[in-house]
Every structure is written in structure tokens, then in C-alpha cells.
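Trainee: Numbering (our numbering), first residue to last: 191 to 366.
1. Please classify residue 264 as buried or exposed, where buried requires at least 16 neighbouring CB atoms within 10 angstroms.
2. For the stretch 308-320 and the stretch 268-287, state whether three or more C-beta atom pairs, one from each stretch, are separated by less than 8 Å.
3. With distances taken from CA atoms, which of 345, 274, 202 and 343 is nearest residue 260?
4. Please specify which runs of the alpha helix (DSSP H), each continuous and at least 4 residues long, are wholly inside the stretch 202-264, giving them in chain order.
5. Inspect the beta-carbon positions of residue 353 and residue 206 and report whether they are closer than 9 Å.
6. For residue 294, does the three-state DSSP call read helix, strand or coil?
7. Give me, in chain order, the residues of the same chain whose beta-carbon lies closer than 6 Å to that of residue 241; leave out the 5 immediate sequence neighbours on both sides.
8. Can you give the Cα-Cα distance for residue 302 and residue 251, rounded to whole angstroms?
9. So, are the CB atoms of residue 342 and residue 196 less than 9 Å apart?
10. Assuming contact is defined by CB atoms lying nearer than 9 Å, are residue 296 and residue 318 in contact in what I supplied?
11. Whose C-beta lies closer than 6 Å to the C-beta of residue 276 among residues of the same chain, with five residues either side of it excluded?
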């Protein structure tokens, strides 16, 4: 599994792509927390890889959809946005968890399409992280170094280019 830090960075990056106006701190908090929520199943007493165990249904697209519907329903008025667009963003942010975990080597796969399909993943360049509550140290952790390269760097590049493009097109419009 990827670290919670990488899940949060990808979530905030996706939220930054959506946000074109100043947004409240709660928005950014949700963007960081939503992609971490599927890993709460690590505290389950169910068998690893089982439907209710770690890397179970909480890592599925269905779970991401249900969580995004509930979260968007509770917050869209506070953020002054359309429900559909916020739900789509929250879905993308939450579903990114499964995609990032599928990019790890090992762990038994992710049940993306539960209950319709089997497990997918274990095809990526990121080593499994140690399941621990210590802060991971990039100097010693191959997993964290791989996540910096394959998760954080692409997120920073895409967000940076998008923000730059928006600023350039905004300044061009103001010149005309």
C-alpha cells in the first residue's frame, strides 16, 4: 500500500485542479482525508484481502461512489458549488486511493469493481510501504522514494502546469 501522505498529496492536487476560486480550509481538509479513508479498513478484524478486511471493499469504485455522494451531499452548499461537480471531484479523489495502491508491487490486488469483478493491480513501480505509525523517512524507505517519484512529482507537475496555463490565459484575456 502507498503511504497516507501520498494519498493526501494526490487528493489535494486533484482538488487544486478543480478549485478556480478561493476555497475554505474544510475543502482542502476533505481533499486530504477522503483518499485516506479507504485505509481505515486496516483496523478491521476481518481477514486481510477479504471483503471487510484491508484492501477489501473500501478500496472499490462502489465505496468511492457512495462516500463521494454522502460527502458532497453534506458539503456542496457550504462550498457554493454544484452538487454533481463536487461529487465527481470527491469520487475522483477517493477512487485515486485504489489506483495508487494498485501501483504498488504486492499486496494481493485491489477489488476495484467489487462486487462485479476480481482484484486488479500489483503492476506498478512502488514497493509496499511498511504498515507502521511512524513517520516514513525518505532516506531509508524505498517505498517513500518511489512515491515521491511516481505520485508526488506527477501531481506537482500537472498542478503546476494547470495553474500556469490558467494564469497565462487569464492574463491574455485581460490584455484583449
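Ideal Cβ positions, reconstructed from N, Cα and C, are used throughout, including at glycine.
Mentor: Let me lay it out:
1. Against the chain shown, residue 264 aligns to sequence position 74. That one is exposed.
2. A contact between stretches requires three or more CB pairs, one per stretch, nearer than 8 Å, and the stretch 308-320 fails this requirement with the stretch 268-287.
3. In the chain shown, residue 260 corresponds to position 70, counting from 1. Measuring from the Cα of residue 260, the nearest candidate turns out to be 274.
4. Here the runs fully enclosed are 215-223.
5. Position 163 of the chain shown, counted from the first residue, corresponds to residue 353. Position 16 of the chain shown, counted from the first residue, corresponds to residue 206. Yes.
6. As a position in the chain shown, residue 294 is number 104, starting the count at 1. Of the three classes helix, strand and coil, the one that applies to residue 294 here is strand, per DSSP.
7. Stepping through the chain shown from its first residue, residue 241 is reached at position 51. Within the same chain, and ignoring the five residues on either side of residue 241 in sequence, the residues whose Cβ sits closer than 6 Å to its Cβ are 247.
8. On the chain shown, residue 302 is found 112 positions in, with the first residue counted as 1. On the chain shown, residue 251 is found 61 positions in, with the first residue counted as 1. Near 5 Å, if we compare the C-alpha coordinates of residue 251 and residue 302.
9. For the purposes of this step, residue 342 is identified with residue 152 of the chain shown, where counting begins at 1. For the purposes of this step, residue 196 is identified with residue 6 of the chain shown, where counting begins at 1. Contact: yes.
10. For the purposes of this step, residue 296 is identified with residue 106 of the chain shown, where counting begins at 1. For the purposes of this step, residue 318 is identified with residue 128 of the chain shown, where counting begins at 1. When the beta-carbon positions are compared, residue 296 and residue 318 come within less than 9 Å of each other.
11. Counting from 1 along the chain shown, the entry for residue 276 is found at position 86. Excluding its 5 nearest sequence neighbours in each direction, residue 276 has C-beta neighbours in its own chain below 6 Å: 262 and 266, listed in chain order.
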